[in-house]
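With the UniProt record's numbering as the guide, the letters of the sequence shown map in order to residues 1 to 215.
Note that CB positions come from ideal geometry on N, CA and C, so glycine has one too.
The structure displayed is predicted, hence computed values, not measured ones.
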Amino acid sequence: MERLGLLVDRELTERDDKRLSSRLRQARLKHNACLEDIDYRSPRGLDKALILQLSSGQWLRDGLNLIINGPTGVGKTWLACALAHQACREGYSVRYLRLPRLLEELGLAHGDGRFAKLMSGYAKTDLLILDDWGLAPFNAEQRRDMLELLDDRYGQRSTIVTSQMPVDNWHELIGDPTLADAILDRLVHNAYRINLKGESMRKQTKKLTTPGTSD
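In structure tokens form, the structure reads like this:
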């Protein structure tokens, strides 16, 4: 009986591992990041208590959002991917998207008949990462698409947004005041916020790997 129990446990573990691997493949995360690898000693403004709270997954069950702000290279995308990896572990469907590429894809989908199918898929995804929010202003079509996407997900599914641009500047970035109000109402007002700071981690790595660099 003991051996049978071990075999059953092994089969269940292998099945869970396969499901996790499948979710991670579908997520297409930019970084293979895990919350266990976070270095809280680095002066980036990370709130360990908030990260632990987010790691519990309650925000996903409540359909809340997360906004990660900070200058380039401080680890916004890495942190988003670490939280997404944790979500995959907990059985949630995840998808990583660079916002400029998503907006381009939706624009093309309007013309080739894929728009409704794409939007339906994104609306059903438990956690979306919209990386690089704010690299360029929205045009009229992009504003409408973003409002539709966020409205479909509001209160039901969670979204992580990473951006170099402060949230206070997003209204101007979006453009149309009425649509900007509607978009931000569905994205910002029910969101946790993390503001990262410090020098670019990529620059720090370059310093450490450049020949002749002194300590």
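| Query | Result |
| --- | --- |
| Own chain, CB closer than 7 Å to Asp-132, minus 5 neighbours either side, in chain order | Arg-98, Leu-99, Pro-100, Thr-162 |
| In chain order, each beta strand (DSSP E) run of at least 3 residues that lies wholly inside the UniProt domain "AAA+ ATPase" (62–195) | 65–69, 94–98, 127–133, 158–163, 191–195 |
| Closer than 9 Å to chain B by CB, Ile-174 | Absent from the structure is chain B; it holds one protein chain and no more. |
| Distance CB(Gln-164)-CB(Asn-65) smaller than 9 Å | no |
| Element boundaries [alpha helix (DSSP H), containing Ser-55] | 48–55 |
| Distance between beta carbons of Arg-186 and Leu-150, contact taken as under 8 Å | 4 Å |
| Exposed unless 16 or more other CB atoms sit within 10 angstroms - verdict on Lys-197 | exposed |
| Through-space distance from Leu-147 to Ala-182, alpha-carbon basis | 7 Å |
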